[in-house]
Amino acid sequence: MIFTQPSMLVADSDEARCAALLSLCADRGWGCTVVSDSIEFQRLVEAGVFDLVIADAEMPGFDYKTLLGQACRRKPSQLLAVVADSAAGEPEVRMLRGNETDIINRPIDLTWVERCMEQATISRRQEKREQLAYSFVVSERTEMRFTCRQLGEAQAISLPIVARLVAVSRLTETDALKIRLAVQEALLNAFEHGNLELDSRWREERVGDIDKFSSVRKERLKDPHYANRMVSVVSCFNGEAVEITVKDQGKGFSPDQLSCARSNDLSCFGRGLTLINNAVDEVRFSCGGTEVTLVKRLPANRSS
Amino acid sequence: MEFPTEVIGEKGYIRVTGDLDSEVAGEALRSAFNEIYEQGTRTIVLDLSGVQIINSYGIGKVLSCYQQLKAQRGVLMVKPLEGFVKETFELLMLDKLLPIDK
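Note that the protein sequences, when read in sequence, are chains A and B. Quick note: the first sequence, position 32, residue 32 per my numbering, numbers continuous. Quick note: the second sequence, position 91, residue 1091 per my numbering, numbers continuous.
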């Protein structure tokens, strides 16, 4: 396992503050990258190589809550800190990562930044230890359960098994993206078509200002009969493949009714199964169509 | 969530930031599209270079923009694609539908 220099990403347009942070990093043996553009910030965050991300809440054109939310999803172990005039936005920012986000009040106190760096170093050591241990894991199973109401509010579901396999290079980043897409599609199907019993064709029918699909979806999310139905996601790793089973409590369907998108089809729906089939190695439907299992083999086992 | 927009000459540009895989992102795209469309621009270019994933929901939103422009003899284009987004477009043959803005 390679231990690299710890590094900080700073999104700030204040030259004096950036210079102070660059100098602090140089003194502590940290790498430091400064950006003042949200696109560049996002690109770097997606690379997931930073231990500490510091963002100025007031930087023009910078939606820091959304961008830090993406940073959390991309690498949950990295520390996030927001430079702000006051702690006014604190509750929302803290929500991003379970009360572990720091607010650094302006004018910036470098002692506070040093404290963040120490926290990041501890977190990094712990992550490396966990990664080392995970290299030897031969099987794991986790189960998550959600009500439709909760899924309706969720932005994204991340699977810890997949993140851990990527961290120890047993899955590639591209495979992880494909699994994420396939699970999203399976969850959407379970949630909207299974539990809420919505028909995709309603997307092209209007009810006032919105389409019928969205209108009925909104109504059913308020109706306990539909909203309290559960979706379960079971992730298994058996040493050779990752298997994710998504199960809903809807009426099910016959797999014969399924069709993949046609090349000349311009409708706004009906591509989920095509995307799933492309993203994983095997798709199995069971339990009368209320359960789907997605199988992604690890690269070394893909030819078998 | 908001996507930056810009109109240069006859073309409007939407820079999609983050993944196009949720209702929030879909609404942000629709809102950015409407902002340019309502100014009368009928050639709109999507810059998806910052996008890692586009799911069926995001594709539905892109096609809805495509259809709206097509009905007005407009064109929806994309900046050169790469990575998994490019693979997704090719899989669904959207690369044949949406010309590349070079």
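We treat Cβ as the ideally placed atom computed from N, Cα and C, and that holds for glycine.
- The Cβ atoms of A:A84 and A:L67 do not sit closer than 8 angstroms to each other.
- Between the segment 195–209 of chain A and the segment 102–117 of chain A, the count of C-beta pairs closer than 8 angstroms stays below three; the two stretches do not touch.
- About 7 angstroms separates the beta carbon of B:D1101 from that of B:V1078, a gap short enough to meet the 8 angstroms contact definition.
- Those residues of the segment 173–185 of chain A placed with their C-beta closer than 8 angstroms to a C-beta in chain B are T174, L177, K178, R180, L181, Q184, E185, ordered along the chain.
- Counted as a single uninterrupted DSSP element, the alpha helix (DSSP H) harbouring A:M117 occupies residues 110–134.
- Each residue's CA atom was taken as its position, placing A:G48 and A:D175 some 16 angstroms apart.
- Beta bridge pairing from DSSP links A:F253 with no other residue.
- Chain-order list of chain B residues neighbouring A:S158: empty, with the shortest C-beta distance near 12 angstroms, by a criterion of under 9 angstroms.
- Contact between A:S232 and A:K247 holds: their C-beta atoms lie close to 5 angstroms from each other, under 8 angstroms.
- Boundaries of the alpha helix (DSSP H) harbouring A:D27: 15–28, taken from the DSSP string.
- For A:S23, the number of other beta carbons within 10 angstroms of its own is below 16, and it is reported as exposed.
- Only exposed fits A:L132, as fewer than 16 other CB atoms lie within 10 angstroms of its CB.
- The secondary-structure analysis by DSSP pairs A:I244 across a beta bridge with A:S235, A:L294.
- From the listed residues B:E1090, B:R1042, B:F1033, B:S1022, the smallest Cα separation to B:K1070 is found for B:R1042.
- The straight-line gap separating the alpha-carbon atoms of A:E219 and A:E197 is approximately 12 angstroms.
- With contacts defined by Cβ atoms closer than 8 angstroms, A:R43 and B:G1050 form a contacting pair.
- Taking the C-beta atoms as reference points, A:L188 is found nearer than 8 angstroms to A:G272.
- For B:T1017, there is no enclosing alpha helix (DSSP H); the residue is found in the beta strand (DSSP E) stretching over 1011–1017.
- In the DSSP assignment, A:L171 falls outside any alpha helix (DSSP H) and carries neither an H nor an E.
- In this structure, A:V295 is the residue among A:T274, A:V295, A:L275, A:N195 with its C-alpha nearest to the C-alpha of A:V283.
- Judged by beta-carbon spacing, A:L79 lies within the 8 angstroms limit of A:Q119, meaning their Cβ atoms are closer than that value.
- Residue pairing by DSSP places B:D1047 opposite B:R1015 in a beta bridge.
- Under the 10 Å beta carbon count, A:G250 is surrounded by 16 or more other beta carbons and is classified as buried.
- The C-alpha of A:D27 lies about 20 angstroms from the C-alpha of A:S123.
- Going by DSSP, A:A81 is part of the beta strand (DSSP E) stretching over 79–84.
- Spatial neighbours of B:V1016 in its own chain (CB-CB distance under 7 angstroms, excluding positions within 5 residues in sequence) are listed in chain order as F1003, L1029, L1046, D1047, L1048, G1050, V1051.
- Interface flag for A:E46 against chain B is set, since a Cβ pair is found closer than 8 angstroms.
- Closest by C-alpha distance to B:L1081, out of B:K1096, B:E1023, B:C1065, B:M1001, is B:K1096.
- With a contact defined as Cβ atoms closer than 8 angstroms, A:R297 and A:A241 qualify at about 4 angstroms.
- B:I1036 is positioned such that its CB atom lies closer than 8 angstroms to that of B:I1014.
- Beta-bridge analysis with DSSP links A:F146 to A:V231.
- A direct Cα-Cα distance of roughly 17 angstroms separates A:A186 from A:P160.
- As DSSP reads the structure, A:M8 sits in a beta bridge with A:C32, A:L52.
- Identification of chain A residues near B:E1002 by a Cβ-Cβ cut-off of 9 angstroms yields D63, T66, ordered along the chain.
- Against chain A, a Cβ distance below 7 angstroms from B:D1095 picks out nothing, because the smallest value is about 11 angstroms.
- When the beta-carbon positions are compared, A:S135 and A:F237 stay at least 8 angstroms from each other.
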